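Trainee:
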Amino acid sequence: MSRGVSVSTNKKGKDMATCGEVLVKLLEGYGVEQVFGIPGVHTVELYRGLARSSINHVTPRHEQGAGFMADGYARTSGKPGVCFIITGPGMTNITTAMGQAYADSIPMLVISSVQSRSQLGGGRGKLHELPNQGALVAGVAAFSHTLMSAAELPGVLARAFALFQAGRPRPVHIEIPLDVLVEDADFLLDSQPVSITRAGAAPSAVAQMSEWLANAQRPLILAGGGSIDAAAELTRLAELLDAPVALTINAKGMLPAEHPLLIGSTQSLVATRALVADADVVLAIGTELAETDYDVTFAGGFEIPGTLLRVDIDPDQTVRNYPPKVALVADAQYAAQALLDGVTKHALAERRSDWGQARAASLRAELASTWDAPTLAQTLFLHTVQEVLPEAVFVGDSTQPVYSGNLTFNPQRPRRWFNSSTGYGTLGYALPAAIGAWLGGGQARDTRPPVVCLIGDGGLQFTLPELASAVEARTPVIVLLWNNNGYEEIKKYMVNRAIEPVGVDIYTPDFITVAKGLGCAAQTVNGVDELRAALRAAVDRQGPSLIEIDQNQWQKAVLA
17 MSRGVSVSTN KKGKDMATCG EVLVKLLEGY GVEQVFGIPG VHTVELYRGL
67 ARSSINHVTP RHEQGAGFMA DGYARTSGKP GVCFIITGPG MTNITTAMGQ
117 AYADSIPMLV ISSVQSRSQL GGGRGKLHEL PNQGALVAGV AAFSHTLMSA
167 AELPGVLARA FALFQAGRPR PVHIEIPLDV LVEDADFLLD SQPVSITRAG
217 AAPSAVAQMS EWLANAQRPL ILAGGGSIDA AAELTRLAEL LDAPVALTIN
267 AKGMLPAEHP LLIGSTQSLV ATRALVADAD VVLAIGTELA ETDYDVTFAG
317 GFEIPGTLLR VDIDPDQTVR NYPPKVALVA DAQYAAQALL DGVTKHALAE
367 RRSDWGQARA ASLRAELAST WDAPTLAQTL FLHTVQEVLP EAVFVGDSTQ
417 PVYSGNLTFN PQRPRRWFNS STGYGTLGYA LPAAIGAWLG GGQARDTRPP
467 VVCLIGDGGL QFTLPELASA VEARTPVIVL LWNNNGYEEI KKYMVNRAIE
517 PVGVDIYTPD FITVAKGLGC AAQTVNGVDE LRAALRAAVD RQGPSLIEID
567 QNQWQKAVLA
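In my numbering, the protein residues as written are 17 to 576.
1. In angstroms, rounded to a whole number, what distance separates the CA positions of L163 and V126?
2. Relative to the C-alpha of A300, which candidate in V286, N337, A287 has its C-alpha closest?
3. The beta strand (DSSP E) with M124 in it runs from where to where?
4. Does the beta-carbon of Q50 have 16 or more other beta-carbons within 10 angstroms, so that it is buried, or is it exposed?
5. Buried or exposed for P406, please, with buried defined as at least 16 other CB atoms from any protein chain shown within 10 angstroms of its CB.
6. In this structure, how does DSSP classify R326 when only helix, strand and coil are distinguished?
7. Taking DSSP as the reference, what is the three-state secondary structure of A393?
8. Any idea if T308 is buried or exposed, counting beta-carbon neighbours within 10 angstroms, 16 or more meaning buried?
9. Write down the C-beta distance between A449 and G155 rounded to the nearest angstrom, noting that I regard them as a contact closer than 8 Å.
10. Please name the residue, chosen from T415, L229, L398, that lies closest to V409 on a Cα-to-Cα basis.
11. Within a Cβ cutoff of 8 Å, which residues of the same chain sit near R252, ignoring the five residues on either side of it in sequence?
12. One question on the structure: do V359 and T323 come within less than 8 Å of each other, judged by their Cβ atoms?
13. When DSSP labels each residue in this structure, what does F318 get in the three-state scheme?
14. If the criterion is Cβ atoms closer than 8 Å, does the pair G302 and G216 meet it?
15. In the structure shown, what three-state DSSP assignment does A218 receive?
16. Take the Cβ of S134 as the centre, count every other Cβ of all protein chains shown within 10 Å, and call the residue buried at 16 or more, exposed below.
17. Roughly how many whole angstroms lie between the Cα atoms of F84 and R140?
18. Should L496 and C469 be called a contact, given that it needs their Cβ atoms to be closer than 8 Å?
19. Counting only the same chain and skipping the five closest in sequence on each side, list residues whose C-beta sits under 7 Å from that of R557.
20. Measure the CB-CB distance between S281 and T264 and report whether it falls below 8 Å.
21. Among residues of its own chain, excluding the 5 on either side of A573, which ones have a beta-carbon nearer than 6 Å to its beta-carbon?
22. In the DSSP assignment, find the unbroken beta strand (DSSP E) run with F410 in it and report its ends.
23. Can you give me the Cβ contacts of I522 inside the same chain, cut-off strictly under 6 Å, excluding the 5 residues immediately before and after it?
24. Fully enclosed by the region 32 to 96, which beta strand (DSSP E) runs are 3 residues long or longer?
25. Can the beta-carbon of F177 be found closer than 8 Å to that of P209?
26. Per DSSP, what kind of secondary structure is T162 in: helix, strand or coil?
27. When the distance is taken between beta carbons, is A287 closer than 8 Å to E382?
28. What's the gap between the Cα of Q116 and the Cα of Y440?
29. Tell me where the alpha helix (DSSP H) around W570 begins and ends.
30. Residue ranges of each alpha helix (DSSP H) run of no fewer than 4 residues wholly in the region 360 to 393, ordered along the chain?
31. Which stretch, first to last residue, makes up the alpha helix (DSSP H) that contains G171?
32. Taking contact to mean at least 3 C-beta pairs separated by less than 8 Å, is the region 431 to 440 in contact with the region 411 to 419?
33. Counting only runs of 4+ residues fully inside the region 492 to 523, write out the alpha helix (DSSP H) ranges in chain order.
34. Using a Cβ-Cβ distance under 8 Å, would G88 count as near chain D?
35. Where does T463 land, buried or exposed, given buried means 16+ other C-beta within 10 angstroms?
36. How many angstroms separate the CA atom of I565 from the CA atom of D200?
Spelled out as structure tokens, the structure:
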């Protein structure tokens, strides 16, 4: 037998391709190039066909790391991140990563094993047994499917990739019973992948929205991560309308940092909210209009008094949080192009002279005058990295420079800034996600953009062993460790609420020694010049680098 798969032998001595082998072949057909997983006794049959395939495999040190790697890979590549996960503890370990991906609408395919069909839910104390893995992941997956026969495989993969290609992308879980994994699946080798086109923009809704936008005197665009592939079309639409543009964290870079209509990701701040309140027509596209982008201080009060027009691929999302005047269920890129064409056909209403670029410029100036010293110091830190590595992808955790950067930092293009401080808000995300992000950055190693991991000392201790994964996979991620010796943000939160701090002043290990012990280059820097030199050295390495920045020393050096 050929067809690019290895061959097993069934009980009758006949050569065959097993379900596990055919799965790998079908994944290749869907363009999968990367899998993250930790082999175990319940998943070895998934690996039978992997060695002879074109798919690269990376072994994390924890299944949560596998999920975060898949998440980062999907964000930079635009393709689903794929994981092979064992039954039981593998699934409980990866659910946090699935939750982060679910909250941020990231395509992730989690393929796991499960007990044999006759033993499902049996409660017999089998190895890795759970009563119901599908129920376990129900809240963090678009769907979970148990493959009851090999014949179902092409159909369930088609469902998963249809969601990734044309719906709101979120994690999908497919579990394969141990006996199904070894089923003869020769007859499936010629199965073809299914390609789905995203929903176009309904002409009637486009006509209504175009008229509202053309007649607006003070139009505004709120763009979210769901519109990231519509950057060019939305930029032209904003310029045509002279409409200021606010971006969510996951949409950063859709307009370059210096664009005169960009008002950043400051929707939670009083000055930006005043601009939103002054807009007479607001186009919200690919955004949930949710707390972690529009109310990060949890103060409430974000309002859209103007006419709201919403575009989303998910019909349910078009009416959540803020009900629209008109809603359009469509792919963001198709919708943005249709709206651009529609508005072009109208005579535009006269804009107020203090709106558009003038209003955006005054807002940026007002915000710049309000940043406190720590925010300025952390912004300088980020700009120094960007100066040395202008094409860098910033992958962030929940840590001080990320919080500041969410407000003050704007990359030059999409898919260059994302982090776990929004949505699900998990700690430990940045390191494994950065590994995945580098792997998803392109085909050739020497053309991939550098990837920078922004993480705090508390968050890094969640996933510190993944440094060994980065060494093993030869991923030259640059880990920028912001060390403030504990959970400082939570400590401040407790103090501000008159709660005596408990559990936030944690033991801080010697990260330099630990990183070197894991095979990683490591050093400490205390100022701008030292950081520049360290970054230049790190970008030329074939493996990871850890650069530790002591918060107090940095602020002392740059604010002196």
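Note that the Cβ used here is the ideal one computed from N, Cα and C, for glycine as well. None of the values given here were measured: they were computed from a predicted structure.
Mentor: So, from the data block:
1. 13 Å
2. N337
3. 124 to 130
4. buried
5. exposed
6. strand
7. helix
8. buried
9. Between G155 and A449 the Cβ distance is about 21 Å, and since that is not below 8 Å, they are no contact.
10. L398
11. L356
12. no
13. coil
14. no
15. coil
16. exposed
17. 32 Å
18. yes
19. P492, A537
20. yes
21. N542, G543
22. 409 to 412
23. G502
24. 50 to 53, 72 to 74
25. yes
26. strand
27. yes
28. 5 Å
29. 567 to 575
30. 373 to 384
31. 169 to 182
32. yes
33. 504 to 512
34. Reference to chain D is not applicable here, since this structure consists of a single protein chain.
35. exposed
36. 55 Å
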